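*Asks:* Quick note on this note's numbering: the sequence shown kicks off at 1101 and runs consecutively. Take a look at this one; I'll ask things after.
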Amino acid sequence: MPIDTKSSNIEQSAQSSNEPDATRLVNAMQSTLNGLETTLKTFNQQSNVFNACANTNLDRTTELQDLHTRLRNHRKAQNRHISGAKKTIRQDFKDAVTNRLRSDISARIRSEVALQVKGQVNVQIQEYIPVPLHQQVVNNKKQIHEVKVALINSEARARNSALETTNLDEPLMPILKLDGVPSNLYPADLRSLFSYDLNMVKELVNDFEIEEDDSLQVNYERFMRHIGFISKTS
């Protein structure tokens, strides 16, 4: 599976990102070990100086021999203590680094898996639903608006179709433009329409996206058909 094949890469990335922290921890541990070794070395040197002075200036009495024995025993105990401290420090360091890396790697794996799962789910959703849900909502709202505009215009055309040319002052039912907005050039009645000159009637038909003509009469007829008016004169 695509998710599993990337786990090793993620672990390598996590280990690489933690190298500076691990290096600082190693340096701190090494400094501690160096301090212990320096202390032991100084103690051994002082013991050797004491032994030399004792051999030169003192007789090997029972008390001096006992002191030498105690010094040797103390040196051995100090060596065991330092060895144990080194071992403990190394083990603690190893455990700390291992736990830290394991925790960081696990977190990175979980994050990467979550991202990949989310991506795969989105791909599968797009396969079953080609149009995103939010786009479907927008499209549905647009379709509902268009249906409402078409219904309003249908009712207006039905009323306009009953008008007679003999009554030029009877109000025309307004027709909405394609965007659902009334036109500012829409005539109140047929008398107002027939008062438009060629330029004004061209603006009117263009406002409703009707093909204009250079003939004033043709523009009249096209607009009247668009609003549902049907001439009853032959």
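Quick reminder that beta carbons are idealized off the backbone N, C-alpha and C, glycines included. Keep in mind that this is a model prediction, so the values were computed, not measured.
Counting C-beta neighbours from all protein chains within 10 Å, is the total for residue 1287 16 or more, i.e. buried, or is it exposed?
*Replies:* It is buried - the Cβ of residue 1287 has at least 16 other Cβ atoms within 10 Å.
*Asks:* In the DSSP assignment, the alpha helix (DSSP H) including residue 1241 goes from what residue to what residue?
*Replies:* Counting along the chain, the alpha helix (DSSP H) containing residue 1241 begins and ends at 1233–1260.
*Asks:* Could you tell me which residues DSSP pairs with residue 1289 in its beta bridges?
*Replies:* 1271, per the DSSP bridge assignment.
*Asks:* Less than 8 Å between the C-beta atoms of residue 1297 and residue 1270, yes or no?
*Replies:* Cβ atoms of residue 1297 and residue 1270: not closer than 8 Å.
*Asks:* So what's residue 1176 in DSSP terms, helix, strand or just coil?
*Replies:* Looking at residue 1176 - three-state DSSP - the assignment turns out to be helix.
*Asks:* Whole angstroms is fine: what's the gap from residue 1255's alpha carbon to residue 1216's?
*Replies:* Whole-angstrom Cα-Cα distance: 54 Å.
*Asks:* Report the option in 1189, 1312, 1212, 1220 whose CA atom is closest to the CA atom of residue 1131.
*Replies:* Closest by alpha carbon: 1189.
*Asks:* According to the Cβ coordinates, are residue 1245 and residue 1280 closer than 8 Å?
*Replies:* Going by C-beta atoms, residue 1245 is nearer than 8 Å to residue 1280.
*Asks:* When the Cα atoms are used, what is the spatial distance from residue 1312 to residue 1219?
*Replies:* So the two alpha carbons sit approximately 52 Å from each other.
*Asks:* Counting only the same chain and skipping the five closest in sequence on each side, list residues whose C-beta sits under 8 Å from that of residue 1306.
*Replies:* Hits under 8 Å: 1312.
*Asks:* With burial defined as no fewer than 16 other Cβ atoms inside 10 Å of the residue's Cβ, what is the status of residue 1239: buried or exposed?
*Replies:* Answer is exposed; the Cβ neighbour count stays below 16.
*Asks:* Quick one: grab the DSSP three-state call for residue 1277.
*Replies:* DSSP places residue 1277 in coil when its eight states are reduced to three.
*Asks:* Can you tell me whether DSSP reads residue 1323 as helix, strand or coil?
*Replies:* Here residue 1323 sits in helix by DSSP.
*Asks:* Check residue 1171 in the structure and name its three-state DSSP category.
*Replies:* In the structure shown, residue 1171 sits in a helix (DSSP, three-state: H, G or I).
*Asks:* Is residue 1304 closer than 8 Å to residue 1329 when the C-beta atoms are compared?
*Replies:* No, they are not a contact pair.
*Asks:* Any idea what DSSP makes of residue 1328, helix, strand or coil?
*Replies:* It is coil, neither helix nor strand.
*Asks:* Reducing DSSP to helix, strand and coil, say where residue 1263 ends up.
*Replies:* Residue 1263 falls in the coil class under three-state DSSP.
*Asks:* My output table needs one value for residue 1312: the three-state DSSP class, helix, strand or coil.
*Replies:* Correct three-state label for residue 1312: coil.
*Asks:* Would you give the residue range spanned by the alpha helix (DSSP H) that residue 1299 belongs to?
*Replies:* Taken as a continuous stretch (DSSP letters only), the alpha helix (DSSP H) holding residue 1299 covers 1298–1307.
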